[in-house]
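A.B. asks: Counted the way the working numbering counts, the sequence shown spans residues 186 to 327.
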Amino acid sequence: MVIKCPVCGEENPDDATICKACGAPLENSSEKKAKSGKVLIAIFIFAILVVVAIVAAPIIYKSVPNNHHAEDSDGDGMPDWWEMKYFGNLSQTASGDPDGDGLINYKEVKYDTDPRNPDTDGDGVEDGPDWIPKADAGIWVR
186 MVIKCPVCGE ENPDDATICK ACGAPLENSS EKKAKSGKVL IAIFIFAILV VVAIVAAPII
246 YKSVPNNHHA EDSDGDGMPD WWEMKYFGNL SQTASGDPDG DGLINYKEVK YDTDPRNPDT
306 DGDGVEDGPD WIPKADAGIW VR
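In structure tokens, the structure reads:
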């Protein structure tokens, strides 16, 4: 087996480290295979990590646990603890919008936003039209 010089094209013995014609450094074909194998392994590991991240992200970043068993003594679809936390009573309705932000109370519960503050994350966009009402995502509107 021979190694072809990448500079001048001269054929050199398999164990040569420099070209006998031009003196350019030569790379052994087994070294090339080893390097390409390492690159393939790195790409494979990266691809696995991307897939794991895509699968895990919705699980990790779920902001509000879906608790269908939370006590709702008035049957309005909102947990009593939530109504007491924000209003001190159970008189609010699921379709109400006390802060006027366009996000009804039922969705304020779902998105874990403050039903008394029209702009929970303080980014200048009211919670109703805000795509991410709990995080400003670095975007500020003035």
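All residues carry an ideal CB built from backbone N, CA and C; glycine is no exception. Predicted model only: the values in this text are computed from it and were never measured.
Taking Ala328 as the reference, give the member of Asp299, Val236 and Met263 with the closest Cα.
C.D. replies: Nothing in the structure corresponds to residue 328, since the chain is present only between 186 and 327.
A.B. asks: Using 7 Å as the threshold, is the C-beta distance between Asp315 and Pro300 below it?
C.D. replies: No, the pair does not count as a contact, with Cβ atoms beyond the cut-off.
A.B. asks: For a test of the three-state rule: what should DSSP assign to Asn274, helix, strand or coil?
C.D. replies: If DSSP states are grouped into helix, strand and coil, Asn274 belongs with coil.
A.B. asks: Locate the alpha helix (DSSP H) running through Asn290, then write down its first and last residues.
C.D. replies: Unbroken alpha helix (DSSP H) run through Asn290: Asn290 to Tyr296.
A.B. asks: Does the region 186 to 193 come close enough to the region 202 to 214 to have 3 or more Cβ pairs within less than 8 Å?
C.D. replies: As far as the Cβ criterion goes, the region 186 to 193 touches the region 202 to 214, which means the pair count is three or higher.
A.B. asks: How is Glu268 classed by DSSP in three states: helix, strand or coil?
C.D. replies: Three-state DSSP puts Glu268 in a helix.
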